[in-house]
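Visitor:
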Amino acid sequence: MLEMKHVEICVEEKKIIKDLSLTIQDGEIHAIMGPNGVGKSTLCKALMKSPGYTFTGGTCKLNGEDMTQLSTTDISRRKVFYISQNPPAIEGVTNAEMLRMALTVNGEKIDIFAFNKKCNEICARIHLPKSFVHRAINDGMSGGERKKNELFHMWMLNPSFLILDEIDSGLDVDALKTVASSIMDYYKEYHPSILIITHHTQLLDIIKPDFVHILHDGKIIKTGTAELATIIEKNGYEETIGTKKLSEEEKDEYNENR
Amino acid sequence: MKIDEPITSLTNFEGTLWITKDSHVHLNGKNKIEGLTCEENNQITIELEDDASLIWIEHTTHFPQNVTIIILENNHTKLDLSWYLELEENTKLNLENKLLGNENESHLQIHAVNVKASTCQIKSTGYIKKDTQDNQFEEELKGLILYPNTMIFLPELIVDSNKINAKHNATMKCIDEEEIFYLASKGISRETSIELIKNGFLNKTQN
Ligand SMILES: Nc1ncnc2c1ncn2[C@@H]1O[C@H](COP(=O)(O)OP(=O)(O)O)[C@@H](O)[C@H]1O
Ligand SMILES: [Mg+2]
Chain A
8 MLEMKHVEIC VEEKKIIKDL SLTIQDGEIH AIMGPNGVGK STLCKALMKS
58 PGYTFTGGTC KLNGEDMTQL STTDISRRKV FYISQNPPAI EGVTNAEMLR
108 MALTVNGEKI DIFAFNKKCN EICARIHLPK SFVHRAINDG MSGGERKKNE
158 LFHMWMLNPS FLILDEIDSG LDVDALKTVA SSIMDYYKEY HPSILIITHH
208 TQLLDIIKPD FVHILHDGKI IKTGTAELAT IIEKNGYEET IGTKKLSEEE
258 KDEYNENR
Chain B
422 MKIDEPITSL TNFEGTLWIT KDSHVHLNGK NKIEGLTCEE NNQITIELED
472 DASLIWIEHT THFPQNVTII ILENNHTKLD LSWYLELEEN TKLNLENKLL
522 GNENESHLQI HAVNVKASTC QIKSTGYIKK DTQDNQFEEE LKGLILYPNT
572 MIFLPELIVD SNKINAKHNA TMKCIDEEEI FYLASKGISR ETSIELIKNG
622 FLNKTQN
């Protein structure tokens, strides 16, 4: 369970998240939507303790433990998995090497035979060529391949909490379906909690959220069901949350009605 | 192979070279050097005779001080040099690649990282002789800096001929915090991340 109460987050001394409260129970799917630049990625990065993104107020607990005291590595080892908007490429470091290191906790050697077998099974499952296992992380991969590569990591590391930041950006319709379906398969098998950021209902038609929240001015200003996402897609953020500037005609109409 | 003569001639050589004093090695045919051992202040000349080729792969943690390596290329030769230097001590290395004739091809790739706070200076000079033609020279010098102010690159290209295709590139970078964060987000500690990034840079991937 992730429990945030009155959270404040600063980036380079600028307060981006001002008063955010949100509880995600085990196995729940929450979507956060909101206009560009409102702080959705900032929230994800702060949860992962990305350098430069700091909690400056409120409380944030992961299964009862104070997240502000944990490092990125600690958080990942508590089974939180994050896919960023733009996963970087890491020259010369292969998926296999990275995963072997990630799975070697407390110096315990992993069974290399079982590891290779698992890699191959997962590649087959997410339609990723086996050759990706020994490719450098995200190096020379297209946007779609990078996202699939991240899913490969997800299946290998077996997390119980997913933070997915606009995983649909830069994907064509088919790639989006493959990626979203794979996450849903994972959800059906392991029931992780999911915090998902997106602008599009296409993704939420597959990864069906229990709750949809709108982030605006550093706060969650509206919470609803999956239907809210449909309304946003149809009417836009401004109209949905009532921040739209009225045209002269609309203003006249408004004044007359008063 | 141990070399203790001032002049040696080898054909289709393959393996490691152990050179004990200043020497000039002539290479004929297809050659592959997989590791060179030499001594402080040595000057070693490797000369590719006409039509010879050389693949030179170096994975080393130790280079003696003040070594000068001169690679001469005559006509229609091919050089492929990939050096991965993981330097533990102070190093001063001087590499000269001289294209003396026509239709030579040189590819040099040097990746250097110093794993202790020692100073590492690599001077690399490409020289293409006057009135030669159809030579190709490509060099990439890359440094990964783990300790500030410890690496010095002195790349130079001396071209006397305008009938040449030359590329020359020297870059240095520090460990990228974004990469560390990414690896940490997969559960890897900072020390292990640095080790992974360093080994990747040095092409030391073991599967
Ligand atoms: N590393 C950073 N340095 C400076 N400003 C940043 C940084 N990251 C985010 N911001 C600022 O924080 C605000 C929110 O950005 P972001 O969280 O990326 O928005 P969203 O993901 O909702 O589009 C923006 O004004 C952005 O310019
Ligand atoms: Mg964003």
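So the sequence lines, in the order shown, correspond to chains A and B. Counting from 8, one number per residue, gives the positions in the first sequence under the working numbering. Counting from 422, one number per residue, gives the positions in the second sequence under the working numbering. Heads up, the beta-carbon is just placed ideally off N, CA and C, and yes, glycines get one too.
Check whether the segment 129-139 of chain A and the segment 76-85 of chain A touch, using three or more Cβ-Cβ pairs below 8 Å as the test.
Guide: no
Visitor: Using CA coordinates, which residue listed in A/I227, A/I214 and A/E246 is at the minimum distance from A/A6?
Guide: Residue 6 of chain A is absent from the structure shown; chain A starts at 8 and stops at 265.
Visitor: For A/I23, verify whether its CB is less than 6 Å away from any heavy atom of ligand 1.
Guide: yes
Visitor: Report the three-state DSSP secondary structure of A/V180 (helix, strand or coil).
Guide: Reduced to three states, the DSSP call for A/V180 is helix.
Visitor: Any contact of the segment 519-527 of chain B with the segment 564-577 of chain B, i.e. 3+ C-beta pairs under 8 Å?
Guide: no
Visitor: I'd like to know if A/A53 contacts chain B, where contact means its C-beta is closer than 7 Å to some C-beta of that chain.
Guide: no
Visitor: With a threshold of 8 Å, are at least 3 pairs of Cβ atoms found where one atom belongs to the segment 436-450 of chain B and the other to the segment 468-477 of chain B?
Guide: yes
Visitor: With a threshold of 6 Å, establish whether the CB of A/V307 neighbours any heavy atom of ligand 1.
Guide: Here chain A comprises residues numbered 8 to 265, so residue 307 of chain A is not present and cannot be evaluated.
Visitor: Would you check if the distance between the CB atom of A/M108 and the CB atom of A/I144 is smaller than 7 Å?
Guide: no
Visitor: Taking C-beta to C-beta, are B/I490 and B/I549 nearer than 7 Å?
Guide: no
Visitor: Below 7 Å on C-beta distance, what does B/T613 contact in chain A?
Guide: M108
Visitor: Does the structure place the segment 175-191 of chain A close enough to the segment 138-158 of chain A that three or more beta carbon pairs sit under 8 Å?
Guide: yes
Visitor: A/P95 versus chain B: which residues are under 7 Å apart at the beta carbon?
Guide: At a beta-carbon threshold of 7 Å, the residues of chain B lying near A/P95 are E599, E600 and Y603, ordered along the chain.
Visitor: Is the Cβ of B/N628 closer than 7 Å to any Cβ of chain A?
Guide: Note that B/N628 scores a pLDDT of 43, beneath 50, so its modelled location is shaky and nothing firm can be said.
Visitor: Please return the same chain residues whose Cβ sits closer than 8 Å to the Cβ of B/E600, not counting the five positions on each side in sequence.
Guide: S614 and I618
Visitor: Buried or exposed: which applies to A/T247, given that a residue is buried once 16 or more other Cβ atoms fall within 10 Å of its Cβ?
Guide: buried
Visitor: Using beta carbons (cut-off 7 Å, strictly below), is A/S83 in contact with chain B?
Guide: yes
Visitor: Kindly indicate which three-state DSSP category B/N628 falls into: helix, strand or coil?
Guide: Note that B/N628 scores 43 on pLDDT, short of 50, meaning its location in the model is unreliable; the coordinates nonetheless yield the value given after this. Correct three-state label for B/N628: coil.
Visitor: I'd like to know whether the C-beta of B/I585 is nearer than 7 Å to at least one C-beta of chain A.
Guide: no
Visitor: Considering only heavy atoms of ligand 2, does any lie closer than 6 Å to the CB of A/K47?
Guide: Yes; taking the cut-off as 6 Å, the Cβ of A/K47 has a heavy atom of ligand 2 nearer than that.
Visitor: Starting from the N-terminal side, write out each stretch of the beta strand (DSSP E) that is 3 residues or longer and does not extend beyond the segment 520-565 of chain B.
Guide: 526-535 and 541-549
Visitor: Is the closest heavy atom of ligand 1 to the C-beta of A/G44 under 6 Å?
Guide: A/G44 has its Cβ nearer than 6 Å to a heavy atom of ligand 1.
Visitor: Does ligand 4 have a heavy atom nearer than 6 Å to the CB of B/Q530?
Guide: In terms of ligand content, the structure shown lacks ligand 4 and carries ligand 1 and ligand 2 instead.
Visitor: Return no unless some Cβ of chain B is closer than 7 Å to the Cβ of A/V100.
Guide: yes
Visitor: What are the uninterrupted segments assigned as beta strand (DSSP E) that are 3 or more residues long and contained completely in the segment 66-115 of chain A, given in chain order?
Guide: 87-90
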